[in-house]
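166 is the number that UniProt numbering gives to position 150 of the sequence shown; each next residue is one higher, with no gaps.
C-beta atoms are modelled at their ideal positions from N, C-alpha and C, and glycine is treated no differently.
Predicted model, so just to flag it, every value in this text is computed and none were measured.
Let me begin by presenting the structure, written as structure tokens, before commenting on it.
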Amino acid sequence: GAISRHDYRPPAWLVPETRLVFDLDPAATRVTATLSVTRNDASGDPLRLDGAGQRPLAVRVDGVAIDDWRIEGEQLVVPLAGDAHTIETEVEIAPERNTQLMGLYASGGILCTQCEAEGFRRITYFPDRPDVLSRYAVRMVADAARYPVLLANGDPVAAGTLDDGRHWAEWNDPFPKPSYLFALVAGDLAVNRGQFTTQSGRGVDLGIWVRAGDVEKTRHALHALELAMAWDERVYGREYDLDVFNIVAVDDFNFGAMENKGLNIFNSRYILADPDTATDYDYDAIAAVVAHEYFHNWSGNRITCRDWFQLSLKEGFTVYRDQGFSADQGSAAVKRIEDVRGLRAAQFPEDAGPLAHPVRPESYIEIGNFYTATIYNKGAELIRMMATILGPQAFRAATDLYFTRFDGTAATCEDFVACMEEASGRDLTQFRLWYSQAGTPRVAASLSHQAGDGRATLRLAQHVPATPGQPDKQPMVLPLRIRVFGAETGRALGDEQLVLLDEAASTIVFDGITERPVLSVNRGFSAPVIIESDRSAADLAFLSAHDDDPFARYEAMQQLMLDTLVATTIEGRPDNDAVITAVANTLDDRTLDPAFVAEAVLLPSEGFIGDQLAMVDPEAIFRAREGLRRALGLRLADRWRDAYERAPDGPYVYSPAAKGHRRLRSVALGYIAASGADDAATIAFRQFERADNMTDRQGALGTLANGYSDEREAALDIFYHRYAGNSLVIDKWFQTQALSSRDDTGRLVADLARHPDFTLANPNRARALVGAFGANQRAFNAADGSGYRFLADQLIALDKLNPQTAAKLLPPLARWRRFDSDRAALMRGALERIVATPGLSKDVFEQASKSLG
Ligand code: ARG
Ligand code: ZN
Numbered sequence: 017g018a019i020s021r022h023d024y025r026p027p028a029w030l031v032p033e034t035r036l037v038f039d040l041d042p043a044a045t046r047v048t049a050t051l052s053v054t055r056n057d058a059s060g061d062p063l064r065l066d067g068a069g070q071r072p073l074a075v076r077v078d079g080v081a082i083d084d085w086r087i088e089g090e091q092l093v094v095p096l097a098g099d100a101h102t103i104e105t106e107v108e109i110a111p112e113r114n115t116q117l118m119g120l121y122a123s124g125g126i127l128c129t130q131c132e133a134e135g136f137r138r139i140t141y142f143p144d145r146p147d148v149l150s151r152y153a154v155r156m157v158a159d160a161a162r163y164p165v166l167l168a169n170g171d172p173v174a175a176g177t178l179d180d181g182r183h184w185a186e187w188n189d190p191f192p193k194p195s196y197l198f199a200l201v202a203g204d205l206a207v208n209r210g211q212f213t214t215q216s217g218r219g220v221d222l223g224i225w226v227r228a229g230d231v232e233k234t235r236h237a238l239h240a241l242e243l244a245m246a247w248d249e250r251v252y253g254r255e256y257d258l259d260v261f262n263i264v265a266v267d268d269f270n271f272g273a274m275e276n277k278g279l280n281i282f283n284s285r286y287i288l289a290d291p292d293t294a295t296d297y298d299y300d301a302i303a304a305v306v307a308h309e310y311f312h313n314w315s316g317n318r319i320t321c322r323d324w325f326q327l328s329l330k331e332g333f334t335v336y337r338d339q340g341f342s343a344d345q346g347s348a349a350v351k352r353i354e355d356v357r358g359l360r361a362a363q364f365p366e367d368a369g370p371l372a373h374p375v376r377p378e379s380y381i382e383i384g385n386f387y388t389a390t391i392y393n394k395g396a397e398l399i400r401m402m403a404t405i406l407g408p409q410a411f412r413a414a415t416d417l418y419f420t421r422f423d424g425t426a427a428t429c430e431d432f433v434a435c436m437e438e439a440s441g442r443d444l445t446q447f448r449l450w451y452s453q454a455g456t457p458r459v460a461a462s463l464s465h466q467a468g469d470g471r472a473t474l475r476l477a478q479h480v481p482a483t484p485g486q487p488d489k490q491p492m493v494l495p496l497r498i499r500v501f502g503a504e505t506g507r508a509l510g511d512e513q514l515v516l517l518d519e520a521a522s523t524i525v526f527d528g529i530t531e532r533p534v535l536s537v538n539r540g541f542s543a544p545v546i547i548e549s550d551r552s553a554a555d556l557a558f559l560s561a562h563d564d565d566p567f568a569r570y571e572a573m574q575q576l577m578l579d580t581l582v583a584t585t586i587e588g589r590p591d592n593d594a595v596i597t598a599v600a601n602t603l604d605d606r607t608l609d610p611a612f613v614a615e616a617v618l619l620p621s622e623g624f625i626g627d628q629l630a631m632v633d634p635e636a637i638f639r640a641r642e643g644l645r646r647a648l649g650l651r652l653a654d655r656w657r658d659a660y661e662r663a664p665d666g667p668y669v670y671s672p673a674a675k676g677h678r679r680l681r682s683v684a685l686g687y688i689a690a691s692g693a694d695d696a697a698t699i700a701f702r703q704f705e706r707a708d709n710m711t712d713r714q715g716a717l718g719t720l721a722n723g724y725s726d727e728r729e730a731a732l733d734i735f736y737h738r739y740a741g742n743s744l745v746i747d748k749w750f751q752t753q754a755l756s757s758r759d760d761t762g763r764l765v766a767d768l769a770r771h772p773d774f775t776l777a778n779p780n781r782a783r784a785l786v787g788a789f790g791a792n793q794r795a796f797n798a799a800d801g802s803g804y805r806f807l808a809d810q811l812i813a814l815d816k817l818n819p820q821t822a823a824k825l826l827p828p829l830a831r832w833r834r835f836d837s838d839r840a841a842l843m844r845g846a847l848e849r850i851v852a853t854p855g856l857s858k859d860v861f862e863q864a865s866k867s868l869g
């Protein structure tokens with residue numbers, strides 16, 4: 017059944033102290049839990065402890081075995097007479113048979129945990145909800161040879177050896193925490209150690225724990241951690257609070273990483289990097305995720321969520337914080353462009369489809385399905401809007417107030433917004449609609465010029481589309497950064513303004529407009545909305561060359577490209593000249609950062625073009641986009657060659673400048689190939705062979721993989737053999753092929769699913785092939801429905817092992833309403849087959865049944 021936000025009740029019992037003893041063994045781990053419990057209300061309710069999959073072997077109350085406990089659903093119910101007791105339970109679990117990767121499980125010989133959101137109940141009986149904060153003391157006992165390293169949350173307090181070849185360690189975490197932040201790790205691990213001194217002089221021992229052969233690949237992550245710790249002190253005044261901070265990397269992990277107090281556990285793809293195996297994109301993502309998990313220590317751990325409907329309280333805010341960190345490491349403009357592209361690729365479609373939900377949802381069946389782009393990325397946009405409305409000083413005062421007031425508590429989104437109001441004196445009543453109304457607002461913007469009066473009039477109108485369960489919407493508060501430019505002089509006509517559009521429609525008048533004005537609106541993407549403007553191709557080209565806001569410049573170019581591609585898709589008659597001229601001008605402007613140029617000249621994705629259309633025709637979109645790519649490739653051939661050659665050679669360095677050059681080079685290579693040039697495969701193969709780094713090597717491989725050359729086969733083969741056994745790189749090999757624009761990608765992907773290296777048991781591998789294929793708009797939407805069948809088959813198979821990761825692969829099938837009736841029927845057929853599968857998890861059931869609508 018569904019759980020509703022309005023049903024929240026404070027816990028009947030609290031658990032101030034928790035003592036856990038783990039007798040660790042992959043086949044049979046004994047867990048003894050001793051909970052001190054205290055009554056929290058007058059209800060007289062029995063103690064209810066959540067469990068999942070296990071049976072209590074013993075239950076003791078105040079040291080005495082009892083037998084009047086009962087099991088209701090999966091809860092252990094213990095009647096208790098008094099107001100304070102000690103409860104002891106014993107269970108046995110089998111980490112090596114845990115394929116869900118929730119709770120305690122085995123990954124490549126390492127025993128580790130993942131408890132968020134509801135994994136702790138798979139370890140022991142406990143009130144597994146985020147508003148029950150407890151102080152944990154943990155003892156682990158394990159075979160000393162197989163598991164020489166034993167880690168848990170907090171500080172190590174004691175360790176010793178037993179005479180049967182086993183050893184033990186005890187860890188105490190002085191900070192009360194919810195069960196989802198519990199963690200332990202046992203394994204044969206090596207460490208890269210660092211030292212950090214906090215602003216108040218506390219020395220912190222940092223450790224990144226990996227397999228012995230991988231220690232060299234943790235340097236970037238450790239450096240990122242040190243930068244993140246310093247950044248949080250400087251920008252938010254937040255200091256670390258324990259003597260140790262450990263990170264462990266494991267190969268089998270359902271998500272990116274987890275912020276367990278003092279013991280973050282990571283998917284190894286967000287820790288391990290060296291130039292030979294990781295791309296610039298990987299380096300960026302590692303720094304961002306390391307920072308994200310570290311920042312959770314305050315926004316998540318010290319202040320946690322009252323209930324899971326408040327998930328964006330910690331995730332939206334922490335994403336906003338990690339975006340700020342990354343922006344400060346290099347080009348803030350390029351970072352903003354990347355973040356907006358990600359929002360449009362993942363969150364806008366979610367908001368426009370059957371799985372749409374507000375940033376603070378009203379109900380869920382399985383909370384694991386709500387770790388979404390809406391909670392994370394749109395949630396971050398909400399924080400960004402409040403920061404924009406408040407301004408930097410008031411925003412910092414508001415976060416200080418929030419951190420002080422709610423430290424040590426489980427808080428709500430409302431608590432956060434109330435701090436924003438109190439510290440700034442602003443009324444955010446209407447702003448709160450952003451938390452409750454789903455759907456991406458659409459804003460019509462039209463600027464007219466009254467030349468005789470020296471005036472311009474901007475008409476703005478907003479509309480929030482209906483979403484499931486929310487047919488009627490109220491106008492939201494949209495902070496729009498706006499500036500007007502003169503078409504003749506290219507100069508700004510007045511300063512930038514922050515317009516708060518809070519009504520359905522509004523008019524703004526600009527004075528002193530002495531020449532034809534051009535509108536720059538939603539600069540910096542100040543509001544996560546869709547702008548519908550009537551700006552001409554000429555005006556967009558003008559902005560792409562003259563706007564002083566780099567994001568707005570990029571955006572004007574994107575809009576120009578999008579208008580062109582949409583027109584071509586619908587009418588079939590391309591008019592590419594304006595785009596070609598604008599791209600040429602951007603390439604010729606040597607004052608621009610190459611990283612920015614690379615972003616600006618890239619065409620919108622097939623998916624994003626489809627999102628503009630009432631009905632998606634994947635083949636027509638593909639042809640329109642390829643046509644424009646080819647036209648750009650041919651007409652600007654010399655410029656692409658020049659951009660390709662211009663990048664300085666030399667050994668790999670990870671720096672913003674070097675990254676930008678590599679990025680532009682790989683974009684240029686893509687256009688050289690798109691032009692159909694005879695030597696394209698030769699150039700790409702030469703780059704592939706000569707590269708001293710994965711960025712250039714994978715860039716070349718990606719270009720080759722889209723084509724049909726002999727070089728393609730050779731490169732894929734060389735790449736595979738060179739990196740055999742390196743699972744993160746073999747993931748790239750699968751993914752690159754799954755993203756290919758070749759006509760036969762569907763068949764090749766089906767073959768790859770039978771490759772000996774393919775397994776659904778490893779989430780990274782499943783995502784690399786099946787996840788990437790679902791994002792390949794053309795191949796996935798093959799007219800014969802083979803793509804839909806393939807995805808459904810893989811998803812049904814994966815659901816038996818790992819429901820969380822299976823459910824995450826489903827959303828591409830949810831888009832059936834946007835397709836022609838033949839495709840829609842095939843997609844529905846795939847969804848119906850999934851729903852009808854016996855033994856389906858509630859994770860996949862919720863996604864599939866909601867998708868059918
Ligand atoms: N809190 C983790 C993070 O954002 C992710 C946990 C994901 N859990 C889940 N059930 N999807 O860093
Ligand atoms: Zn997070």
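Check                                                                                                                                     : Outcome
Cβ-heavy atom distance, Thr-334 to the ligand MN, below 7 angstroms                                                                       : The model depicted lacks the ligand MN and carries the ligand ARG and the ligand ZN instead.
The ligand ARG heavy atom lying under 7 angstroms from the CB of Ala-133                                                                  : yes
Same chain, Cβ closer than 7 angstroms to Gly-723, five either side skipped, listed in chain order                                        : Ala-689 and Ala-697
Span separating the alpha-carbon of Ala-304 from that of Ile-850                                                                          : 35 angstroms
Counted within 10 angstroms of its Cβ, other Cβ atoms place Arg-337 as buried (16 or more) or exposed                                     : buried
Three-state class that DSSP yields for Gly-134 in the structure shown                                                                     : Here the sequence assigns Glu to residue 134, which means Gly is not the residue at that position. Coil at Glu-134, not helix or strand.
Contact belief for Leu-826 with Leu-811 at Cβ below 8 angstroms, rounded distance in angstroms                                            : 6 angstroms
Ala-472 versus Arg-507 - alpha carbon distance                                                                                            : 15 angstroms
N-terminal and C-terminal residue of the alpha helix (DSSP H) that Lys-351 is part of                                                     : 348 to 358
8 angstroms Cβ cutoff met for Asp-57 and Pro-26                                                                                           : yes
Leu-463 - containing beta strand (DSSP E), residue span                                                                                   : 458 to 466
Option in Gly-485, Arg-646 and Arg-532 with minimal Cα separation from Thr-505                                                            : Arg-532
Pro-828 in three-state terms, based on DSSP                                                                                               : helix
Near the ligand ARG: Gly-17 beta-carbon under 7 angstroms from a heavy atom                                                               : no
Proximity below 8 angstroms, CB of Arg-322 to CB of Ala-426                                                                               : yes
Option nearest Ala-600 by Cα separation, candidates Gly-485, Gln-70, Asp-658 and Asp-550                                                  : Asp-658
Chain-order list of residues whose beta-carbon lies under 6 angstroms from that of residue 906 (same chain, five-residue window excluded) : Because the chain in this structure spans residues 17 to 869, residue 906 falls outside the shown range and cannot be described.
Coil, strand or helix - Glu-504 by DSSP                                                                                                   : coil
Beta-carbon proximity of Glu-249 to Glu-275, cut-off 8 angstroms                                                                          : no
Beta bridge counterpart(s) of residue 13 as assigned by DSSP                                                                              : No answer is possible for residue 13: it lies beyond the span of the chain, which begins at 17 and ends at 869.
Contact under 8 angstroms by Cβ, Asn-742 with Thr-293                                                                                     : yes
Opposing strand residues paired with Phe-212 [DSSP bridges]                                                                               : Val-220
Assumed close pair Met-710, Pro-291 - CB separation to whole angstroms, cut-off 8 angstroms                                               : 7 angstroms
Classification of Arg-713 by the beta-carbon crowding that lies within 10 angstroms, buried from 16 upward                                : buried
Closer than 7 angstroms: Glu-397 CB and nearest the ligand ZN heavy atom                                                                  : no
Any 3 or more C-beta pairs closer than 8 angstroms across the segment 40 to 53 and the segment 103 to 114                                 : yes
Between the CA atoms of Leu-785 and His-771 - distance to the nearest angstrom                                                            : 11 angstroms
Check whether Asn-393 and Gly-358 have beta carbons under 8 angstroms apart                                                               : yes
Whole-number beta carbon distance between Thr-140 and Asp-99, since they are thought to touch under 8 angstroms                           : About 23 angstroms; that fails the 8 angstroms criterion.
Proximity test, His-312 beta-carbon vs the ligand ZN heavy atom, cut-off 7 angstroms                                                      : yes
Whole-angstrom C-beta distance between Val-534 and Asp-511, which should lie under 8 angstroms                                            : In fact, because the Cβ distance is near 16 angstroms, the residues do not count as touching under 8 angstroms.
Straight-line Cα distance separating Gln-345 from Thr-213                                                                                 : 21 angstroms
Asp-66: first and last residue of the uninterrupted alpha helix (DSSP H) it sits in                                                       : Element bounds for Asp-66: not the alpha helix (DSSP H) but the beta strand (DSSP E), 63 to 66.
DSSP-derived helix/strand/coil call for Leu-127                                                                                           : strand
Burial state of Ile-87 (16 or more Cβ within 10 Å)                                                                                        : exposed
Reference Leu-243; option with closest CA among Ala-228, Leu-222 and Leu-258                                                              : Leu-222
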